[in-house]
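Chains as they are written, first to last, in the working numbering: chain A, 1 to 300; chain B, 301 to 600. First comes the structure, then the notes that go with it.
Here it is, written out as C-alpha cells:
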C-alpha cells in the first residue's frame, strides 16, 4: 500500500519509507495520533495539539526540510467537548508559532471511537537527507539527550523535566537545516520510536550494520539517579532528537555547527559493513512496547 | 482552530474554509473518513480506497487545481486484517492511476476503535477558484446529475447504477481545470454534502442569497421512477459533481467547454442579493443526516 505510484507529471525524489516523501522539491509527512495509542492522560489536549505539530516538524527536520504549512484532520466523539477542542487548538497554534508553520486547513468529523488526529505537513527540501545514505565507517551521532521523554511516559512518578520532554518535544530544526545545507550528514532520521527501533531502520535503509556504545549515550541529569537508564535511552521513544551519520573527518565541522546552533551532539557509535545492529557489551533492551505501555507508531 | 496562522515565509493565498487551501501556488486538501460515519457496508474496502482518493481529487478540482501527490494515514484495529488493507490499497492504486496522482507516503497505526483513514492531497493551482467570488445575478450551474449516489446510500434496494455512483465517484477533473483556466467560473465548490448543505456555504462565502428551481435539477434516468426525487437531489450528498457560478453572458462558453470535455452541465438557478437561499416553490428538504443515516462531513 505504501509503494509510490509515480506518474509522469510528478517528480518523486523520495518515496515512502523515509521520514517524509519529497515531491518536486517539497517534503511531505503524514502522522496519525490516536487517543489511547499515541497519547494517554499524561498529555492534556493542549499538549496533544502542540505535540502533533512538533512531531511533524521533527520528521521534516530529519529530511533537511523547512516546515511551511500544515493541515489537520480531527475526529471527535459527539457531543463535541468544545473545551477539549479549543485547548487542542491552543497547543497547535503555539507550536505553529514556535516553528513558523502556517496552519492552512483542516477537517473535523465525528468519531464513534477514540479521538483521532492526523497531521500532514510540508515544506521546501532543496537537499533531502534520507535514511539510506550512510557508509560503513561513518560515525553515528545524536542530538540532545535520550530517554527523558520515555521517563515521562513510563515512570510511575516522573520528574517534571521528563513530563515536559514528553509533552513539549523541541526538535532541533535550525541545526537540522544547517546540517543538510552543509551536506555534512550522509543519513539522518528522527528518534521517534527510540534507538532500538529507529537505528535498525536506518541501518536497513543504508544496507549496513551498526554498533552503539551504551556508555556514550547522552543522559539528562534528571535520569542520573536511575540505576540503569539504558533501557529508557534506547528502548523508549518520543525524544524527537536527530540521529545522523557523518564521515569521521566531519567531526570538527559537526561540532562547530552544533555549537553555533546551541545543540548538544554526541557520537554514540558507528556504522559497520552489512551485519547486525548491536549495543556493545549488552543485548538491545526490549523496545517501548514491552514496558507494558501502548505501542507508538506502526502496527507490528 | 481552523484559522490560518500565516507566517512571513509562507504565502497563503486561500486559507481554511474552502475546498482546499492554496499555499504558494499549491492547493492542499485534507479529508478524514471514519468507518460507520463516512462509509457503511455498502462500500467494500476497495471502494473505500478508491473513494478516499476520488473525494480529494474532487476538492482540488473544485479549486481549479490539478492533483499531483497524495499521502494517507490509516488506523486499523489489531490484529490487522491484511486482506482488508490490501483491498483498500488496490482501490487507492486504481484511483491514483485514474487521476494521475502519485501516492508518496503514508502512516499506518493501530486503532482501538473503528477503521480511520485520512487523505491529504496537493497539486498546482495557478488560478484558484474559491467559494467567495460569486456575484448577484450569476447563474448557478452543476455538472452531471444529482441524487444518484444518495439513492445508493439511502434506498433499501438501490439500482446498480446508484451503488456504482456511491462507490466510484468520478469528479469531472478535466472540465474543472478547463473552467478555471478559462476564468469562466466566479465561484466553485464540489457537491459532497448535497446542495441543501453546500449551496448555503457558497452563498455565505460570497455574501449572497440564492434561488434554485427544483424542476431544473438534472435527474439520472434511474431516479425517474421515484415519485419525488428532489429530497435525494438536494438533501443527499456524495455526488462529487461541481457546483459553480458564472455570469449569464458566459453561458455559451460554459456549454462549449462542457461539451468539449464530455460533461453535462445544467443551470439550476442564480445568485441573488444578500438574502435567503431558497428552493423555488418548496422548502429545502431535510439534509442527509435526517434520513436516519450517518452524517457525512463536519461535526454539527
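Where is the CB? At the ideal position from N, CA and C, for every residue including glycine.
Rounded to a whole number of angstroms, what is the C-alpha to C-alpha distance between residue i and residue j?
i: residue 520/B; j: residue 469/B; result: 14 angstroms
i: residue 283/B; j: residue 35/A; result: Outside the displayed range of chain B (301 to 600) lies residue 283/B, so it cannot be described from this structure.
i: residue 575/B; j: residue 410/B; result: 48 angstroms
i: residue 57/A; j: residue 67/A; result: 6 angstroms
i: residue 565/B; j: residue 539/B; result: 14 angstroms
i: residue 463/B; j: residue 523/B; result: 12 angstroms
i: residue 227/A; j: residue 192/A; result: 24 angstroms
i: residue 10/A; j: residue 471/B; result: 20 angstroms
i: residue 233/A; j: residue 175/A; result: 22 angstroms
i: residue 112/A; j: residue 412/B; result: 11 angstroms
i: residue 324/B; j: residue 313/B; result: 7 angstroms
i: residue 55/A; j: residue 136/A; result: 29 angstroms
i: residue 225/A; j: residue 18/A; result: 36 angstroms
i: residue 256/A; j: residue 400/B; result: 46 angstroms
i: residue 231/A; j: residue 339/B; result: 43 angstroms
i: residue 516/B; j: residue 22/A; result: 47 angstroms
i: residue 480/B; j: residue 189/A; result: 40 angstroms
i: residue 505/B; j: residue 316/B; result: 12 angstroms
i: residue 431/B; j: residue 502/B; result: 5 angstroms
i: residue 114/A; j: residue 393/B; result: 28 angstroms
i: residue 123/A; j: residue 585/B; result: 44 angstroms
i: residue 562/B; j: residue 473/B; result: 11 angstroms
i: residue 498/B; j: residue 337/B; result: 19 angstroms
i: residue 160/A; j: residue 583/B; result: 59 angstroms
Please report whether the beta-carbon of residue i lies at a distance below 8 angstroms from any beta-carbon of chain B.
i: residue 87/A; result: no
i: residue 106/A; result: yes
i: residue 129/A; result: no
i: residue 23/A; result: yes
i: residue 4/A; result: The predicted position of residue 4/A is uncertain, since its pLDDT is 43 and thus under 50; a value taken from the coordinates is nonetheless stated next. By this cut-off, residue 4/A is an interface position.
i: residue 258/A; result: no
i: residue 193/A; result: no
i: residue 84/A; result: no
i: residue 275/A; result: no
Would you check if the distance between the CB atom of residue i and the CB atom of residue j is smaller than 8 angstroms?
i: residue 419/B; j: residue 360/B; result: no
i: residue 145/A; j: residue 218/A; result: yes
i: residue 571/B; j: residue 483/B; result: no
i: residue 529/B; j: residue 581/B; result: no
i: residue 63/A; j: residue 104/A; result: no
i: residue 96/A; j: residue 102/A; result: yes
i: residue 496/B; j: residue 544/B; result: no
i: residue 134/A; j: residue 208/A; result: yes
i: residue 46/A; j: residue 91/A; result: yes
i: residue 449/B; j: residue 477/B; result: no
Kindly give me the distance between the Cβ atoms of residue i and residue j, rounded to whole angstroms, as I take these residues to be in contact under 8 angstroms.
i: residue 323/A; j: residue 83/A; result: Since the first and last residues shown for chain A are 1 and 300, residue 323/A lies out of range.
i: residue 153/A; j: residue 42/A; result: 7 angstroms
i: residue 551/B; j: residue 442/B; result: Not really, about 14 angstroms apart at Cβ, beyond 8 angstroms.
i: residue 277/A; j: residue 200/A; result: 5 angstroms
i: residue 385/B; j: residue 370/B; result: Incorrect: roughly 17 angstroms between the Cβ atoms, too far for contact.
i: residue 332/B; j: residue 365/B; result: Their Cβ separation, rounded to whole angstroms, is 20 angstroms, which puts residue 332/B and residue 365/B out of contact at 8 angstroms.
i: residue 494/B; j: residue 535/B; result: 6 angstroms
i: residue 74/A; j: residue 30/A; result: The Cβ separation is near 14 angstroms, so there is no contact.
Alpha helix (DSSP H) containing residue i: first to last residue?
i: residue 557/B; result: 551-560
i: residue 461/B; result: 460-467
i: residue 451/B; result: 448-454
i: residue 349/B; result: 345-363
i: residue 181/A; result: 173-182
Under DSSP, the beta strand (DSSP E) around residue i begins and ends at which residues?
i: residue 120/A; result: 116-124
i: residue 375/B; result: 369-376
i: residue 198/A; result: That residue, residue 198/A, is in no beta strand (DSSP E); its alpha helix (DSSP H) goes 195-206.
i: residue 284/A; result: Premise fails: residue 284/A is in no beta strand (DSSP E) and is neither H nor E.
i: residue 35/A; result: Careful: residue 35/A lies outside any beta strand (DSSP E) and carries neither H nor E.
i: residue 90/A; result: From DSSP, residue 90/A is part of no beta strand (DSSP E) but of the alpha helix (DSSP H) over 82-99.
i: residue 312/B; result: 312-314
i: residue 140/A; result: 139-143
i: residue 407/B; result: 402-410
i: residue 318/B; result: From DSSP, residue 318/B is part of no beta strand (DSSP E); its letter is neither H nor E.
For a cutoff of 8 angstroms on Cβ pairs, would you count residue i as touching chain A?
i: residue 584/B; result: no
i: residue 402/B; result: yes
i: residue 468/B; result: no
i: residue 486/B; result: no
i: residue 337/B; result: yes
i: residue 358/B; result: no
i: residue 350/B; result: no
i: residue 331/B; result: yes
i: residue 420/B; result: yes
i: residue 344/B; result: no
Mind pulling the chain D residues with CB within less than 9 angstroms of residue i?
i: residue 334/B; result: Among the chains of the structure shown, chain D does not appear; the protein chains present are A and B.
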